[in-house]
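Asker:
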Amino acid sequence: MTTLPGISDIRAAAARLSGLIVETPLIESPEINRRHGGRILFKPETLQRTGSFKIRGAYNKLSTLSEEERSRGVVAFSSGNHAQGVAASAAMFGVKAVIAMPADAPAMKIGNVRKMGAEVVTFDRFKEDRMTVVRPYVEQGMALVPPFDDPAIIAGQGTIGLELMRQAKALDVALDAVVIPCGGGGLSSGISVAVKDASPNTQIWAVEPEHFDDTRRSLAKGERVANDPGHSSICDALLTAEPGAITFEINRKNLAGAIAVSDKAAAQAMRDAMAHLKLVVEPGGCVAFAALASGEIDLAGKCVAVVLSGGNVDFSTYAGIMAAA
Numbered sequence: 028m029t030t031l032p033g034i035s036d037i038r039a040a041a042a043r044l045s046g047l048i049v050e051t052p053l054i055e056s057p058e059i060n061r062r063h064g065g066r067i068l069f070k071p072e073t074l075q076r077t078g079s080f081k082i083r084g085a086y087n088k089l090s091t092l093s094e095e096e097r098s099r100g101v102v103a104f105s106s107g108n109h110a111q112g113v114a115a116s117a118a119m120f121g122v123k124a125v126i127a128m129p130a131d132a133p134a135m136k137i138g139n140v141r142k143m144g145a146e147v148v149t150f151d152r153f154k155e156d157r158m159t160v161v162r163p164y165v166e167q168g169m170a171l172v173p174p175f176d177d178p179a180i181i182a183g184q185g186t187i188g189l190e191l192m193r194q195a196k197a198l199d200v201a202l203d204a205v206v207i208p209c210g211g212g213g214l215s216s217g218i219s220v221a222v223k224d225a226s227p228n229t230q231i232w233a234v235e236p237e238h239f240d241d242t243r244r245s246l247a248k249g250e251r252v253a254n255d256p257g258h259s260s261i262c263d264a265l266l267t268a269e270p271g272a273i274t275f276e277i278n279r280k281n282l283a284g285a286i287a288v289s290d291k292a293a294a295q296a297m298r299d300a301m302a303h304l305k306l307v308v309e310p311g312g313c314v315a316f317a318a319l320a321s322g323e324i325d326l327a328g329k330c331v332a333v334v335l336s337g338g339n340v341d342f343s344t345y346a347g348i349m350a351a352a
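In this text, residue positions in the sequence shown follow the numbering used here: the first is 28, and each later residue adds one.
1) Around the Cβ of R61, are there at least 16 other Cβ atoms within 10 angstroms (buried) or fewer (exposed)?
2) Going by the beta-carbon positions, is the gap between A118 and G144 smaller than 7 Å?
3) Which value, in whole angstroms, describes the spacing of the CA atoms of G337 and G100?
4) Opposite L21 in the DSSP bridges: which residues?
5) Counting pairs of beta carbons, one from the stretch 208-216 and one from the stretch 47-57, are three or more of them closer than 8 Å?
6) Roughly how many angstroms lie between the CA atoms of Q194 and P163, to the nearest whole one?
7) Note down, one range per segment and in chain order, each beta strand (DSSP E) of at least 3 residues found wholly within the stretch 85-159.
8) Leaving out five residues on either side along the sequence, give the residues of the same chain with a beta carbon under 7 Å from the beta carbon of Q75.
9) If you draw a straight line from the C-alpha of D290 to the C-alpha of K223, how long is it?
10) Cutting at 8 Å between CB atoms, please list the residues of its own chain near V234, excluding the five before and the five after it.
11) Mind checking which residues open and close the beta strand (DSSP E) that includes V49?
12) Using 7 Å as the threshold, is the C-beta distance between G217 and N278 below it?
13) Tell me which residues share the same chain as I261 and place their Cβ nearer than 6 Å to its Cβ, disregarding the 5 neighbours each side in the sequence.
14) Give the range of the alpha helix (DSSP H) segment to which G284 is assigned.
15) Whether or not the stretch 106-121 and the stretch 89-97 are in contact is what I'm after, with contact meaning three or more pairs of Cβ atoms, one per stretch, closer than 8 Å; do they touch?
16) If I measure Cβ to Cβ from E166 and keep anything under 8 Å in the same chain, skipping five residues before and after, which residues do I get?
17) Among A221, E250, D203, M158, which one has its Cα closest to the Cα of Q230?
18) Return the first residue and the last residue of the alpha helix (DSSP H) that Q184 is part of.
19) Taking all protein chains shown into account, decide if E94 is buried (16 or more other Cβ within 10 angstroms of its Cβ) or exposed.
20) Rounded to the nearest angstrom, what separates M135 and V147 at their Cα positions?
21) What separation, rounded to the nearest whole angstrom, lies between the Cα atoms of G188 and V252?
22) In its own chain, which residues sit with a C-beta less than 8 Å from the C-beta of V140, not counting the 5 before and 5 after it?
23) With a threshold of 16 other CB atoms inside 10 Å of the CB of T274, please say whether the residue is buried or exposed.
24) Checking 7 Å against the spacing of the C-beta atoms, do L306 and P133 come in under that value?
25) Where does Q230 fall in DSSP's three states?
26) Quick one: using the 10 Å Cβ neighbour count with 16 as the cut-off for buried, is T159 buried or exposed?
27) Taking the alpha carbon of S321 as the point to measure from, which residue in A296, G328, L335, A300 has its own alpha carbon closest?
28) What number of angstroms, rounded off, separates the C-alpha of P236 from the C-alpha of R97?
29) If I measure Cβ to Cβ from M169 and keep anything under 7 Å in the same chain, skipping five residues before and after, which residues do I get?
30) If you draw a straight line from the C-alpha of A353 to the C-alpha of D176, how long is it?
31) Taking the beta strand (DSSP E) that A204 belongs to, which residues open and close that run?
32) A40 and A182: beta carbons closer than 7 Å?
33) In terms of alpha-carbon separation, which member of A221, A332, T344 lies closest to A201?
34) Is it buried or exposed, L198, if we count other Cβ atoms within 10 angstroms and call 16 or more buried?
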């Protein structure tokens, strides 16, 4: 069994990332607070370098490779945000990057990865196995940078939790809960380690798209289960097949639960983020916000932090969602 990342690993990641990433702020809206009867603090990783939290884990992973390993280049698979994080990190280290991306990934994300200097290899996410696509590059000696199920990736994402707890302390507030978007579980598991170290009683909630609620169903069953095929969602950043082995081991210990939200709820949260927070948030980045309206989290009189995990959405998609009634 791989050693699970702990708080010391997250602190080490924070030291590596210091001065290279944005320490995203905590923001709030009087209208959102009024609506939910509590204090809701948003951590907008939409403002992060590359437009999402993913650069934290990607850069930390590359930092843990030896110079000889990095010199052979890195390879990854991703629908977009991790791809951009890896591409940007590889450029910072001056090494080659190859990214396998679904052919139906947002064109803006594919374009951004190429602009950062990485080679993009597209594949059919419904017919091809992503590991099969990247295996030839790994066999050539390139280092694989996984999207979530890796201790260094998890530790990098956990730096959000360190920032969050430090910022909450500066505001003199105790967080009753932290609500986090969830795909493979790297973000929720990493943040949970940092939050639980500082505040063991704070609840951690993961939020997934409807029909891609593998973490929710895995928690209920007590073991990892995969999503049923044949579904789609506007939340392209969160469409993983099943939880990671490492991430699930952490999440099963630290999560209060997981919530599934519909595309309609995610779209409404995007509109609310624009109207009340003045932020552009992509669908997958907004699911934690959407979960506030689910009734599954006790908000009345509570102080709750919500992670907005990314804002990489092309104009036509965003405009269409904003225009929909």
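Yeah, the Cβ is synthetic: ideal placement off N, Cα and C, and Gly gets one too.
Answerer: So, from the listed chains and residues:
1) For the purposes of this step, residue 61 is taken as the residue at position 34 of the sequence shown. Answer is exposed; the Cβ neighbour count stays below 16.
2) The residue you call residue 118 lines up with position 91 of the sequence shown. The residue you call residue 144 lines up with position 117 of the sequence shown. Taking 7 Å as the Cβ cut-off, A118 and G144 qualify as a contacting pair.
3) Within the sequence shown, the letter at position 310 stands for residue 337. Within the sequence shown, the letter at position 73 stands for residue 100. Answer to the nearest angstrom: the Cα atoms are 26 Å apart.
4) Not covered by the structure: residue 21. The range shown for the chain is 28 to 352.
5) no
6) Numbered from its first residue, the sequence shown carries residue 194 at position 167. Numbered from its first residue, the sequence shown carries residue 163 at position 136. One C-alpha to the other measures close to 44 Å.
7) 101-104, 124-129, 146-150
8) If you number the sequence shown from 1, residue 75 lands on position 48. So the list reads I48, V49, T51, I82, once near-sequence residues are dropped.
9) In the sequence shown, counting from the first residue as 1, residue 290 sits at position 263. In the sequence shown, counting from the first residue as 1, residue 223 sits at position 196. For D290 and K223, the distance between alpha carbons rounds to 30 Å.
10) Numbered from 1 along the sequence shown, position 207 holds the residue referred to as residue 234. Once the five neighbours on either side are set aside, the close Cβ partners of V234 are V206, I207, P208, C209, A285, I286, A287, V288, V314, A315, A317, A318.
11) Position 22 of the sequence shown, counted from the first residue, corresponds to residue 49. Unbroken run through V49: none, as it is neither H nor E.
12) Within the sequence shown, residue 217 is the residue found at index 190, counting from 1. Within the sequence shown, residue 278 is the residue found at index 251, counting from 1. Going by C-beta atoms, G217 is not nearer than 7 Å to N278.
13) If you number the sequence shown from 1, residue 261 lands on position 234. Closer than 6 Å at the Cβ level, and outside the excluded window around I261, lie D290, P310.
14) Within the sequence shown, numbered from 1, the residue matching residue 284 stands at position 257. Element bounds for G284: not the alpha helix (DSSP H) but the beta strand (DSSP E), 284-288.
15) yes
16) Counting from 1 along the sequence shown, the entry for residue 166 is found at position 139. Answer for E166: no residue qualifies.
17) Numbered from 1 along the sequence shown, position 203 holds the residue referred to as residue 230. Taking only the C-alpha atoms, the option nearest Q230 is D203.
18) Within the sequence shown, residue 184 is the residue found at index 157, counting from 1. Looking at the DSSP string, the run of the alpha helix (DSSP H) that includes Q184 is 178-197.
19) The count along the sequence shown starts at 1 and reaches residue 94 at position 67. Under this definition E94 is an exposed residue.
20) Position 108 of the sequence shown holds residue 135. Position 120 of the sequence shown holds residue 147. Between M135 and V147, the C-alpha separation is close to 13 Å.
21) Translated into the one-based positions of the sequence shown, residue 188 becomes position 161. Translated into the one-based positions of the sequence shown, residue 252 becomes position 225. About 27 Å.
22) For the purposes of this step, residue 140 is identified with residue 113 of the sequence shown, where counting begins at 1. Same-chain partners within the cutoff: G107, A110, Q111, A114, I126, M128, V147.
23) Here residue 274 is taken as the residue at index 247 of the sequence shown, counted from 1. Burial call: buried.
24) The residue you call residue 306 lines up with position 279 of the sequence shown. The residue you call residue 133 lines up with position 106 of the sequence shown. It is not a contact, given that the beta carbons lie outside the stated cut-off.
25) Residue 230 sits at position 203 when you count from the first residue of the sequence shown. Three-state result, Q230: strand.
26) Working through the sequence shown from its first residue, we reach residue 159 at position 132. Looking at its Cβ environment, which holds fewer than 16 other Cβ atoms inside 10 Å, T159 is exposed.
27) If you number the sequence shown from 1, residue 321 lands on position 294. If we check each option's Cα against that of S321, A296 comes out closest.
28) Here residue 236 refers to the residue found at position 209 when the sequence shown is read from its first residue. Here residue 97 refers to the residue found at position 70 when the sequence shown is read from its first residue. Rounded to whole angstroms, P236 to R97 spans 35 Å at the Cα level.
29) Taking the sequence shown and counting its residues from 1, one reaches residue 169 at position 142. Answer for M169: R99, G100, V101, V102, V125, listed in chain order.
30) There is simply no residue 353 to check, as the chain begins at 28 and stops at 352 in what is shown.
31) Position 177 of the sequence shown, counted from the start, is the residue given in the question as residue 204. That run of the beta strand (DSSP E) goes 204-208.
32) Along the sequence shown, one-based indexing puts residue 40 at 13. Along the sequence shown, one-based indexing puts residue 182 at 155. Going by C-beta atoms, A40 is nearer than 7 Å to A182.
33) Within the sequence shown, the letter at position 174 stands for residue 201. Of the candidates A221, A332, T344, the one whose C-alpha sits nearest the C-alpha of A201 is A332.
34) As a working mapping, residue 198 is identified with position 171 in the sequence shown. So L198 counts as exposed.
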